[in-house]
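K.L.:
Would you mind keeping the following structure in view while I ask a few things?
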Amino acid sequence: MRSRSMAIYATVALVSLIVYVIAAFSQGNTPEGSQQWITFSFMGLALAAVASAIIGTLVIARGRKRAQAAESNTESK
21 MRSRSMAIYA TVALVSLIVY VIAAFSQGNT PEGSQQWITF SFMGLALAAV ASAIIGTLVI
81 ARGRKRAQAA ESNTESK
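When you line the sequence shown up against the numbering used here, it's residues 21 to 97, in that order.
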């Protein structure tokens, strides 16, 4: 996997984690016990993995499609 693709996946994961934490704390849903912190952490990581997989794949596929269109556009000239 190219480094640019890895950067896209990592950025999406980081942004989704930040949004998850901000959304949870802004609603007053702060974990209290160690069990709640563990659950909160795992849910955040799972959300980051799913968001990264979905959004990263869409962004990369769109970029590849644009690159192919630009390449075929260049070849036809």
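Every residue gets a Cβ at the ideal spot worked out from N, C-alpha and C, and that includes glycine.
With distances taken from CA atoms, which of SER46, GLU95 and VAL32 is nearest ALA66?
P.N.:
Position 46 of the sequence shown holds residue 66. Checked all of SER46, GLU95 and VAL32; the closest Cα to ALA66 is VAL32.
K.L.:
Using a Cβ-Cβ cut-off of 6 Å (strictly less than) and excluding sequence neighbours within five positions of TYR29, which residues of its own chain qualify?
P.N.:
The sequence position of residue 29 within the sequence shown is 9, counting from 1. Hits under 6 Å: SER72 and GLY76.
K.L.:
Report buried or exposed for ALA43, applying the criterion of at least 16 other Cβ atoms within 10 angstroms of its Cβ.
P.N.:
Stepping through the sequence shown from its first residue, residue 43 is reached at position 23. It is exposed - the Cβ of ALA43 has fewer than 16 other Cβ atoms within 10 Å.
K.L.:
Between the alpha carbons of TRP57 and GLN88, how many angstroms are there, rounded?
P.N.:
The residue given as residue 57 occupies position 37 in the sequence shown. The residue given as residue 88 occupies position 68 in the sequence shown. Computed Cα separation, rounded: 46 Å.
K.L.:
SER36 and ALA68 look like a contact to me (Cβ under 8 Å); what is the Cβ gap, rounded to whole Å?
P.N.:
As a working note, residue 36 is residue 16 in the sequence shown. As a working note, residue 68 is residue 48 in the sequence shown. Yes, they are in contact, since the Cβ atoms of SER36 and ALA68 sit about 5 Å apart, within 8 Å.
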